[in-house]
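Novice: Residue numbers (full-length UniProt numbering): 1 to 370.
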Ligand code: OGA
Ligand code: NI
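#1: Roughly how many angstroms separate the alpha carbons of residue 2 and residue 339, rounded to a whole number?
#2: For residue 229, which three-state DSSP category applies?
#3: Could you check the C-alpha separation between residue 99 and residue 284 for me, to the nearest Å?
#4: Using the three-state DSSP reduction, which class does residue 94 fall into: helix, strand or coil?
#5: Taking just the CA atoms, how far does residue 354 sit from residue 220?
#6: In angstroms, rounded to a whole number, what distance separates the CA positions of residue 231 and residue 276?
#7: On the criterion of 16 or more Cβ atoms from any shown chain inside 10 Å, does residue 208 qualify as buried, or is it exposed?
#8: Comparing alpha-carbon positions, which option in 135, 172, 104 and 166 lies nearest residue 128?
#9: How many angstroms separate the CA atom of residue 286 from the CA atom of residue 234?
#10: Just the C-alpha distance for residue 10 and residue 244, rounded to the nearest angstrom, thanks.
#11: Okay, do the segment 153-166 and the segment 134-143 touch, 3+ Cβ pairs below 8 Å being the bar?
#12: Would you call the CB atoms of residue 299 and residue 222 closer than 8 Å?
#13: Would residue 254 and residue 315 qualify as a contact pair, given that the criterion is a beta-carbon distance under 8 Å?
#14: Should residue 261 and residue 273 be called a contact, given that it needs their Cβ atoms to be closer than 8 Å?
#15: Beta-carbon within less than 8 Å of residue 346's beta-carbon, same chain only, minus the 5 sequence neighbours each way: which residues are those?
#16: Mind checking whether residue 301 and residue 357 have CB atoms under 8 Å apart?
#17: Can you give, in chain order, each stretch of the alpha helix (DSSP H) that sits fully within the segment 8-52 and has at least 4 residues?
#18: In three-state terms, what does DSSP make of residue 341?
#19: Would the C-beta of residue 69 count as close to the ligand OGA, meaning under 7 Å from any of its heavy atoms?
#20: Could you name each continuous alpha helix (DSSP H) segment of 4 residues or more that falls completely within the UniProt domain "Fe2OG dioxygenase" (219-321), going from the start of the chain to the end?
#21: Give me the residue from 344, 71, 369 and 111 with the minimum Cα distance to residue 195.
#22: Can we count residue 281 as close to the ligand OGA, meaning its CB is less than 7 Å from some heavy atom?
#23: Tell me the residue span of the beta strand (DSSP E) that contains residue 64.
#24: Using the beta-carbon count (16 or more within 10 Å), is residue 170 buried or exposed?
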């Protein structure tokens, strides 16, 4: 039976220092460089920026998908088929695209940005009123920290479950900024609609007759608001805002709140930056879509780099199936082939994810059949 509330005891992250607070004490950092020890990586982040790129080769750009065109009922005349083909190639070849003309009112997006900026600008004590509790993933803090030895990311995050409404823990929804709750609610509804429409178009492209086999991956939603403080100049190349990872969800729609670039995706052995495009959402195929499509669409690793002078914020909205359902390769996609992933319950999968370090595609390896 479908569970309408979220299960408890999904696991949590070890507590870590607040990075915004740390970054706000430059004099102390200058005299006590060991405060940064836990953030510094042995390999500089610049080492693998397209090592094999031929000289003079042009920088590739993440594809742009026009949702209005994709949903246009006029087929050929309205450019629908062409856009569907572009979506197919974006999913098969890139795992990432930016979606424009998505129909989310500009005001909804701008208000959401303002509220998230407003939240992170609050004094530390006001934010820590929403701190993650031990063993919980929701709240203000950090995720995926499983040992005292692991290198830490130069960021704070604020994570909330948003859909279905019964999954919400409203005690963690701030009332300062005063419009935060209503904005998040509006934004959440709009983004969930877009996620469902994109998943429906993917189902069509994949030849999955019952679109709900794919669109059920927009049944639940969580929001991860990321805050990347400026990082001291001397360390900017050896510190990451967010470790390389693929998203352990169905579909992610990310809003780059700041104009400062930072998101990079793994491609052909190097990293391609995703330049913030005004009004666009960055969409990426998550691990669960890779499982559903039996590897036809692959989740792509990405990371966030930091900037020496500017803070950066982003809002990642993750879509997944509901608790009480299963994840596994879709029969129609597997066809006569072999399933490359085993089936797992959503609950088992989420527990596995929460207890894992953010490390490339490590979770996929543990559910792979080969
Ligand atoms: C994430 C993520 C990238 C960014 O939150 O999963 O990949 O640019 N964020 O903040
Ligand atoms: Ni991500």
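Every residue, glycine too, gets a C-beta built ideally from N, C-alpha and C.
Specialist: According to the structure shown:
#1: Here residue 2 corresponds to residue number 2 of the chain shown, with the count starting at 1. Here residue 339 corresponds to residue number 339 of the chain shown, with the count starting at 1. Any reading at residue 2 is ruled out, since the residue's pLDDT is 48, under 50, leaving its predicted position unreliable.
#2: Indexing the chain shown from 1 puts residue 229 at position 229. In this structure, residue 229 counts as coil in the three-state DSSP scheme.
#3: As a first step, residue 99 is located in the chain shown; it is residue number 99 there, counting from the start. As a first step, residue 284 is located in the chain shown; it is residue number 284 there, counting from the start. Taking C-alpha positions only, residue 99 is separated from residue 284 by approximately 10 Å.
#4: Against the chain shown, residue 94 aligns to sequence position 94. Here residue 94 sits in helix by DSSP.
#5: On the chain shown, residue 220 is found 220 positions in, with the first residue counted as 1. On the chain shown, residue 354 is found 354 positions in, with the first residue counted as 1. Rounded to the nearest angstrom, the two C-alpha atoms are 17 Å apart.
#6: Taking the chain shown and counting its residues from 1, the one referred to as residue 231 is at position 231. Taking the chain shown and counting its residues from 1, the one referred to as residue 276 is at position 276. CA-to-CA, the gap between residue 231 and residue 276 works out to about 20 Å.
#7: Here residue 208 is taken as the residue at index 208 of the chain shown, counted from 1. Answer is buried; the Cβ neighbour count reaches 16.
#8: The count along the chain shown starts at 1 and reaches residue 128 at position 128. For the residues 135, 172, 104 and 166, the minimum Cα distance to residue 128 belongs to 172.
#9: If you number the chain shown from 1, residue 286 lands on position 286. If you number the chain shown from 1, residue 234 lands on position 234. Roughly 34 Å separates the two Cα atoms.
#10: Counting from one through the chain shown, the residue named residue 10 turns up at place 10. Counting from one through the chain shown, the residue named residue 244 turns up at place 244. Taking the straight line from one Cα to the other gives about 23 Å.
#11: A contact exists between the segment 153-166 and the segment 134-143.
#12: Locating residue 299 in the chain shown gives position 299, counting from the first residue. Locating residue 222 in the chain shown gives position 222, counting from the first residue. Inclusion of residue 299 and residue 222 in the CB contact set at 8 Å is not warranted, their separation being larger than that value.
#13: Sequence index remark: in the chain shown, residue 254 carries index 254 (1-based). Sequence index remark: in the chain shown, residue 315 carries index 315 (1-based). Yes, the Cβ-Cβ distance between residue 254 and residue 315 is below 8 Å.
#14: Here the question's residue 261 lines up with position 261 in the chain shown. Here the question's residue 273 lines up with position 273 in the chain shown. In this structure, residue 273 lies closer than 8 Å to residue 261 by Cβ.
#15: What you label residue 346 is simply residue 346 of the chain shown in a count that begins at 1. Once the five neighbours on either side are set aside, the close Cβ partners of residue 346 are 320, 321, 322, 323, 324, 325, 326 and 327.
#16: Locating residue 301 in the chain shown gives position 301, where the first residue counts as 1. Locating residue 357 in the chain shown gives position 357, where the first residue counts as 1. Contact: no.
#17: Taking only runs of at least 4 residues, the alpha helix (DSSP H) segments lying wholly in the segment 8-52 are 19-23 and 26-31.
#18: The sequence position of residue 341 within the chain shown is 341, counting from 1. Strand.
#19: As a first step, residue 69 is located in the chain shown; it is residue number 69 there, counting from the start. The answer is no for residue 69.
#20: List check, alpha helix (DSSP H) in window: 287-292.
#21: As a first step, residue 195 is located in the chain shown; it is residue number 195 there, counting from the start. When only C-alpha atoms are compared, the closest one is 71.
#22: Counted from its first residue, the chain shown places residue 281 at position 281. No, the beta carbon of residue 281 sits no closer than 7 Å to any heavy atom of the ligand OGA.
#23: Here residue 64 is taken as the residue at index 64 of the chain shown, counted from 1. Looking at the DSSP string, the run of the beta strand (DSSP E) that includes residue 64 is 64-66.
#24: Residue numbering aside, residue 170 sits at position 170 when the chain shown is read from its first letter. Sixteen is the threshold: since fewer than 16 other Cβ atoms of the shown chains lie within 10 Å of the Cβ of residue 170, the residue is exposed.
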